[in-house]
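Note that full-length UniProt numbering has the sequence shown beginning at 1, numbered continuously upward.
Below you'll find the structure, written out as structure tokens, and then a few comments.
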Amino acid sequence: MTAHFPRNPWEIVSIDIMGLYQATYNNNRYVIVCEDVFTKWLEAKASKKSLITDITRFLDNDVFSRFGYPSVVISDNGPQFLSSHWNHFCTKHNIRHLTTAIYHQRSNPVECRNQELKKETSEPTY
1 MTAHFPRNPW EIVSIDIMGL YQATYNNNRY VIVCEDVFTK WLEAKASKKS LITDITRFLD
61 NDVFSRFGYP SVVISDNGPQ FLSSHWNHFC TKHNIRHLTT AIYHQRSNPV ECRNQELKKE
121 TSEPTY
């Protein structure tokens, strides 16, 4: 994957799923993470599942409704991001979807932040 340098906030975002964790009192086992590549602003939400419908709902309702839809979304090659539902979501909102190289997690900018989050918390506390 070639490097992409945004010129504005929320032009390029990077997304990932953290988990499977031990269930919290709300039965959350995953964390959906979205990072603005320009500002490094991080949005995260606990989730019971890692389904693409949970991911797109989080992006629509909690992130893009406040910051606007990005031009580019970077993700790994997880099955959620290779689904027809995800392709439809990206097409509907005129988003270019880029995937990182297989076996090279660090090419996804949010992966570095995930490591920081894991160091900060041994287990999620939400």
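The beta-carbon is built from N, C-alpha and C at its ideal position, and this holds for glycine as well.
Cβ-based burial, residue i [other Cβ within 10 Å; buried from 16]
i           : result
residue 101 : exposed
residue 56  : buried
residue 36  : buried
residue 12  : buried
residue 1   : Confidence at residue 1 is low in this model, with a pLDDT of 46, below 50, so its placement is unreliable and the value that follows should be read with caution. With fewer than 16 Cβ atoms within 10 Å of its Cβ, residue 1 is classed as exposed.
residue 5   : exposed
Distance CB(residue i)-CB(residue j) smaller than 8 angstroms
i          : j          : result
residue 21 : residue 47 : no
residue 43 : residue 73 : no
residue 97 : residue 75 : yes
Selected residue, minimal CA-CA separation from residue i, among the options
i          : options        : result
residue 51 : 16, 70, 38, 93 : 16
residue 32 : 93, 84, 80     : 80
residue 70 : 93, 61, 53, 58 : 93
residue 28 : 45, 85, 41, 95 : 45
residue 61 : 83, 34, 23     : 34
residue 54 : 85, 66, 40     : 85
residue 99 : 7, 78, 89      : 78
residue 40 : 87, 14, 25, 26 : 14
residue 23 : 66, 49, 9, 7   : 49
residue 10 : 87, 65, 89     : 65
residue 8  : 68, 91, 87     : 68
Residue i - DSSP class collapsed to helix/strand/coil
i           : result
residue 142 : Summary: the structure shown does not reach residue 142, with the chain confined to residues 1 through 126, and so no result is reported for it.
residue 11  : coil
Requested in this report: Go through the stretch 16-96 residue by residue and report every complete run of the alpha helix (DSSP H) that reaches 4 residues or more, in order.
Outcome: 52-58, 84-92
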